[in-house]
Every structure is written in structure tokens, then in C-alpha cells.
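Those letters in the sequence shown? Residues 184 to 362, by our numbering. Ideal placement from N, C-alpha and C gives every residue a C-beta, glycine not left out. Beneath this line is the structure, given in C-alpha cells, with notes to follow.
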Amino acid sequence: LGIPLAFAKTLVAVTVVSFAMTTLDSSARLLRFIISELGSKLNAPALGNRFVASGLAVGGAWIFATMKTGGKATGMVLWPVFGMSNQILAALGLLTLSVYLYKRRRPVVYTLVPLAFMLTMTMWAMLWSMRGYVAEGNWLLTGVGGVILFLELWLLVEGVGAWRSFRASDEPDIVVEAA
Numbered sequence: 184l185g186i187p188l189a190f191a192k193t194l195v196a197v198t199v200v201s202f203a204m205t206t207l208d209s210s211a212r213l214l215r216f217i218i219s220e221l222g223s224k225l226n227a228p229a230l231g232n233r234f235v236a237s238g239l240a241v242g243g244a245w246i247f248a249t250m251k252t253g254g255k256a257t258g259m260v261l262w263p264v265f266g267m268s269n270q271i272l273a274a275l276g277l278l279t280l281s282v283y284l285y286k287r288r289r290p291v292v293y294t295l296v297p298l299a300f301m302l303t304m305t306m307w308a309m310l311w312s313m314r315g316y317v318a319e320g321n322w323l324l325t326g327v328g329g330v331i332l333f334l335e336l337w338l339l340v341e342g343v344g345a346w347r348s349f350r351a352s353d354e355p356d357i358v359v360e361a362a
């Protein structure tokens with residue numbers, strides 16, 4: 184391309200830093216919204232304050248970034264359970280799509296089979312991993328794993344509840360019309 188090497192390195196560095204900053208900004212903003220929503224559900228108006236919620240979001244991230252567990256950075260210690268939380272997010276997407284397809288009276292086998300597989304394997308892997316964490320005395324991973332396992336079970340209960348409510352309702356199908 185004929186771009187000088189020094190300029191190319193600078194351009195790549197600026198791109199990487201920009202990506203990192205927008206990712207951090209987005210994650211802090213989303214966590215602030217989650218904390219505010221939690222505050223409204225728990226009737227804790229202080230959590231609805233954007234400064235308080237932002238402080239908790241950034242402060243919590245700072246604690247995890249600087250905290251050490253067993254001589255290692257906590258982020259690296261938590262890395263094994265991060266993948267499992269990603270799988271639960273994928274399961275949430277599949278569950279949402281399955282309920283939507285069911286409501287529209289479309290075939291759901293294409294989303295339910297992967298959903299069942301993902302929930303089963305993630306739960307099995309989490310239980311297997313937690314067994315090892317307890318044996319090692321790694322209470323941080325045991326606790327985080329327990330929270331993730333609870334969220335997975337909650338996802339399952341919510342999905343079954345949504346499924347039953349759509350099944351029991353006499354509500355007409357959702358109609359999406361072209362504009």
C-alpha cells in the first residue's frame with residue numbers, strides 16, 4: 184500500500200485503543216443500566232442515580248481488575264467461568280428465538296435442540312468444574328460458578344414459564360406487516 188511503517192503502527196495502535204475504549208464505555212454503560220434496573224426492582228432509588236450506578240459499575244470492575252486471588256489477577260482466575268457465562272447468553276438468545284417462533288407457530292425444533300444441548304452441556308460442565316473448585320478450596324470460582332448455575336436454572340424456569348403462558352393464552356399470533 185505504500186504506507187510508512189511508523190504511520191501504520193500508529194494507525195493500528197489508535198484503532199486498537201479506540202476499540203478498547205468503546206468496549207469499556209459500552210460495558211460500563213450497560214452495567215450502569217443493569218444496576219439502575221435492579222435498583223428499581225429492589226425499591227432502592229439510590230441505585231437509580233446515574234452517578235451512583237456508574238460508580239458501582241466502574242468500582243466493581245476496578246476491584247476485579249486490581250484484586251489478587253491466590254497470587255494471580257482475579258480476572259485470570261475467573262476466566263474459566265467466563266466461557267460458561269457466554270454459553271448461557273447464547274442459550275438466552277436461543278430461548279428467546281424459540282419462544283418467538285413458537286408464538287408465531289413456526290417450527291422450533293431447529294432452536295430447541297441446540298438450546299437443550301447448550302443448557303445440558305453448560306450445566307454439566309459447571310457442576311463438574313465446581314466439584315474441582317470445591318476440592319481445591321477455590322471459593323471464588325465456586326461462588327461465581329454457583330451464581331452462574333443459579334442464573335442458568337432461572338433462565339430455564341423463565342423459559343418454561345413463557346412457553347406455558349403462550350401455550351395457555353388465546354392471544355392471536357403476532358402479525359408483522361410490511362410497511
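1) Going by other Cβ atoms of all chains shown within 10 Å of its Cβ, with 16 needed for buried, is residue 253 buried or exposed?
2) Does the count of Cβ pairs from the stretch 276 to 289 and the stretch 339 to 349 closer than 8 Å reach three?
3) Below 8 Å CB to CB, which residues in the same chain sit around residue 335 once its five sequence neighbours on both sides are set aside?
4) Kindly provide the ranges of any alpha helix (DSSP H) runs that are 4 or more residues long and lie completely inside the stretch 202 to 285, ordered along the chain.
5) Going by beta carbon distance, what residues of the same chain come within less than 8 Å of residue 338, once the five residues before and after it are set aside?
6) For residue 315, report the span of its alpha helix (DSSP H) as first-last.
7) Quick check on residue 331: does DSSP put it in helix, strand or coil?
8) Quick one: is residue 206 buried, meaning 16 or more other Cβ sit within 10 Å of its Cβ, or exposed?
In this structure, then:
1) In the sequence shown, the residue the question calls residue 253 occupies position 70. The Cβ neighbour count for residue 253, taken over all protein chains shown within 10 Å, is under 16; the residue is labelled exposed.
2) Taking 8 Å as the limit for Cβ pairs, the verdict is that the stretch 339 to 349 does touch the stretch 276 to 289.
3) As a first step, residue 335 must be located in the sequence shown, where it is residue number 152. Its chain contains 271, 274, 302, 305, 306, 309 as the residues whose beta carbon lies nearer than 8 Å to that of residue 335, once the 5 sequence neighbours on both sides are disregarded; these appear in chain order.
4) Scanning the stretch 202 to 285 from its first residue to its last, the whole alpha helix (DSSP H) runs of 4-plus residues come out as 233 to 249.
5) Walking along the sequence shown from the start, residue 338 turns up at place 155. Annotation for residue 338: 271, 274, 275, 278, 302 place their beta carbon closer than 8 Å to its own, counting only its chain and skipping 5 residues before and after.
6) By 1-based counting over the sequence shown, the position of residue 315 is 132. Segment 292 to 319, the alpha helix (DSSP H) holding residue 315.
7) Locating residue 331 in the sequence shown gives position 148, counting from the first residue. Note: residue 331 maps to helix in three-state DSSP.
8) Translated into positions along the sequence shown, residue 206 becomes position 23. Classification of residue 206: exposed, given that the 10 Å Cβ count is below 16.
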